[in-house]
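The numbering of the sequence shown is the UniProt record's numbering, which starts it at 1 and goes up by one.
Heads up, the beta-carbon is just placed ideally off N, CA and C, and yes, glycines get one too.
All values derive from a computational prediction rather than experimental measurement.
What follows is a short report on a single structure.
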Amino acid sequence: MTKHRITHIRKPNTYSSLEHITHVKYDDAVHSREHVIRLIEAKTDSFYVQEGGEYSDVHVIHPHYGSPYIRTAADSDGEKRDNLLSLPQC
């Protein structure tokens with residue numbers, strides 16, 4: 001399985017923390033959220049975010065309503081912060 005570090009995100013409204021992520025940047029290219037979801041669910045690739053010395057794996061979430069989305073796992077102390085949203089915009 002190939003592991004990729006996500007370094008940037010893109011949202012429809014750059015300044016809103018409530019908007020969903022539409023694209024991510026990894027391996028020096030921008031890819032759609034749907035593409036990343038397909039790779040994770042096919043178990044061919046995995047993704048992570050690095051913040052300082054901490055690594056957080058990226059997971060696919062399937063809500064009851066709406067489209068699937070990606071987010072990071074909760075920190076070891078149980079904090080539910082999504083590290084993807086703290087990445088710079090691409």
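Its Cα nearest to that of Asp27, the residue Tyr48 stands out among Ile21, Tyr48, Pro63, Lys11. Thr72 counts as buried, since no fewer than 16 other beta carbons sit within 10 angstroms of its beta carbon.
The continuous alpha helix (DSSP H) containing His35 extends over residues 33–42. With a contact defined as Cβ atoms closer than 8 Å, Val30 and Arg5 miss out at about 14 Å.
When the beta-carbon positions are compared, Val36 and Ile70 come within less than 7 Å of each other. Note on Asn83: 16 or more other CB atoms within 10 angstroms of its CB, so buried under the neighbour-count rule.
Contact between Glu51 and Ser86 holds, since their C-beta atoms are separated by about 7 Å, short of 8 Å. Here the C-alpha atom of Glu54 lies approximately 16 Å from the C-alpha atom of Lys3. Boundaries of the beta strand (DSSP E) harbouring Thr2: 2–5, taken from the DSSP string.
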